[in-house]
């Protein structure tokens, strides 16, 4: 998918909600860790978008 398909409809709205998320969770360590991880992913996408991809795995326990 083109880069704008990730930035405009997904990453930018996500970024816009970081402060509200932190406020709702009292800026807890766990909430800050989640936002930090998302910010890192966005930075990786912005700097290496041409070499960035996602994988989805579906597993089922057997036996």
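In this note's numbering, the protein residues as written are 4 to 66.
Glycine residues also receive a C-beta, built at the ideal position from the N, C-alpha and C atoms.
All values derive from a computational prediction rather than experimental measurement.
Using a threshold of 8 angstroms, state whether the C-beta atoms of residue i and residue j are closer than that.
i	j	result
residue 6	residue 66	no
residue 38	residue 55	no
At which residues does the alpha helix (DSSP H) containing residue i begin and terminate?
i	result
residue 51	32–51
residue 11	Careful: residue 11 lies outside any alpha helix (DSSP H) and carries neither H nor E.
residue 27	21–27
Rounded to whole angstroms, how far is the Cβ of residue i from the Cβ of residue j, which I believe are closer than 8 angstroms?
i	j	result
residue 40	residue 24	Not confirmed; about 12 angstroms, so no contact.
Meets three-Cβ-pair contact criterion under 8 angstroms: the stretch 41–55 and the stretch 6–21: yes
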